[in-house]
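Numbering (this note's numbering), first residue to last: 11 to 460.
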């Protein structure tokens with residue numbers, strides 16, 4: 011055997027495999043039986059659940075008066091793509107849904123824009139003044155801005171609602187208080203219209219705007235105005251505490267036609283509110299727990315008949331669920347004035363005063379606990395306006411106006427509330443207490459400018 015020759019090696023012989031037919035194997039039949047039983051139960055479950063689902067669907071469709079015997083109805087619903095049918099759970103819920111659908115068409119968002127400086131960013135070396143002497147020792151530049159003309163910028167927003175088919179819109183005066191700003195009305199269908207402020211009533215915090223609608227051809231081919239959807243005005247004198255109300259508005263200036271529901275929490279409230287650079291005291295307003303957020307100002311408060319019963323204008327900052335609304339009856343006179351003359355007329359007496367109560371009576375040692383005490387303003391302004399009808403009638407500081415045209419002046423029935431019932435030019439009588447003596451004076455109310 012040579013050096014590189016390996017020893018002879020033989021592999022062991024393997025036993026031949028024994029093959030057995032699978033149909034003679036018990037395990038095969040057991041597996042086949044399990045598969046058959048599982049399939050049978052699956053088929054039966056499918057049939058039963060299918061029948062259950064079929065009858066369930068048929069019952070639901072029958073309840074909605076949509077029958078399987080008429081497949082055209084179902085096919086039509088698929089083609090048109092209508093909203094799913096919802097059945098209100100209560101009559102109140104049904105009324106709320108109906109009011110929201112109808113009134114939302116006339117609720118608009120008011121966008122406020124104004125010219126603002128257009129600033130452009132550039133970079134400049136802080137050593138620019140010395141570069142002519144020493145060159146540019148450092149590659150250092152700092153960012154600066156320079157004005158490159160002006161551009162329109164959105165600075166705020168509010169809510170309003172359309173009160174006439176030709177495009178009159180009611181909102182708050184503080185929403186449109188900036189006389190140099192531009193206003194755009196965004197309707198519920200997404201269209202934009204430039205708006206003109208026709209009149210502002212800063213005493214009631216109300217304003218009337220006007221938008222011009224699109225024109226269309228009538229059946230005779232004449233060009234006519236395409237009417238805007240409007241809301242109905244209700245009667246705020248008939249309100250009851252606990253009555254359900256609905257507020258719609260441009261919540262937070264971002265969410266158009268946001269809806270909140272609540273009740274009337276109080277009536278005849280007096281509120282001092284600020285907004286749009288104005289601070290006003292509003293008397294005889296409605297309190298509600300329906301959410302009124304920033305941007306809701308000028309939106310409608312509606313009853314369950316879909317009638318506007320107030321104009322939302324303020325919210326309580328120190329507590330939740332406290333909102334305030336101007337009664338719609340206060341706005342009706344303004345609306346009529348604008349329709350007739352294009353402006354709002356304000357009756358004007360020309361006195362500054364404070365309402366007398368027990369505290370004022372004690373502090374000033376007054377003989378009565380009611381009426382309006384004529385006195386200077388907090389900033390020392392004259393008690394009687396120069397050139398006013400009050401001055402012409404001889405009214406003086408420290409006079410107490412007891413009655414206005416035979417109406418007693420009280421904390422509830424204020425002088426401002428009584429005066430606003432009259433128009434400029436009305437002849438009225440005043441009962442005045444001066445130095446312990448009653449005096450009757452007649453005046454003709456003047457007209458106050460906006």
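Just so it is clear, CB atoms sit at the ideal spot from N, CA and C, and this is done for glycine as well.
Nearest residue (CA-CA) to residue i, options the options
i: residue 313; options: 251, 380 and 325; result: 251
i: residue 388; options: 451, 207 and 363; result: 363
i: residue 187; options: 227, 202, 131 and 123; result: 123
i: residue 299; options: 333, 278, 253 and 117; result: 333
i: residue 316; options: 205, 309 and 242; result: 242
i: residue 116; options: 210, 227 and 238; result: 238
i: residue 173; options: 353, 113, 228 and 373; result: 113
i: residue 129; options: 99, 158 and 444; result: 158
Close-in-space but distant-in-sequence residues of the same chain around residue i (CB under 7 Å, 5 per side omitted)
i: residue 432; result: 357, 438 and 455
i: residue 88; result: The pLDDT assigned to residue 88 is 41, lower than 50, so where the model puts this residue is not dependable, and the model offers no usable value.
i: residue 167; result: 119, 120, 121, 122, 260, 263 and 305
i: residue 74; result: Note that residue 74 scores a pLDDT of 44, beneath 50, so its modelled location is shaky and nothing firm can be said.
i: residue 109; result: 256, 312, 314 and 316
i: residue 423; result: 417
i: residue 320; result: 246, 296, 311, 335, 336, 337 and 338
i: residue 449; result: 442
i: residue 355; result: 347, 433, 434 and 457
Reduced DSSP secondary structure (H/G/I, E/B, other) of residue i
i: residue 368; result: helix
i: residue 126; result: strand
i: residue 351; result: helix
i: residue 428; result: helix
i: residue 189; result: coil
i: residue 151; result: coil
i: residue 101; result: helix
i: residue 449; result: strand
i: residue 260; result: strand
Neighbour-count burial assignment, residue i, 16 or more Cβ in a 10 Å radius
i: residue 162; result: exposed
i: residue 453; result: buried
i: residue 230; result: exposed
i: residue 131; result: exposed
i: residue 155; result: exposed
i: residue 133; result: exposed
i: residue 447; result: exposed
i: residue 303; result: buried
i: residue 292; result: buried
Chain-order list of residues whose beta-carbon lies under 6 Å from that of residue i (same chain, five-residue window excluded)
i: residue 203; result: 195 and 221
Chain-order list of residues whose beta-carbon lies under 8 Å from that of residue i (same chain, five-residue window excluded)
i: residue 339; result: 245, 246 and 247
i: residue 371; result: 378 and 379
i: residue 376; result: 366, 370, 383 and 410
i: residue 274; result: 249, 250, 251, 252, 253, 255, 296, 297 and 298
i: residue 403; result: 440, 451, 452 and 453
If we count Cβ pairs, one from each stretch, closer than 8 Å, do we get three or more for the stretch 171-186 versus the stretch 217-225? yes
Whether or not the stretch 401-408 and the stretch 374-389 are in contact is what I'm after, with contact meaning three or more pairs of Cβ atoms, one per stretch, closer than 8 Å; do they touch? yes
Counting pairs of Cβ atoms below 8 Å between the stretch 344-352 and the stretch 318-326, do you hit three or more? no
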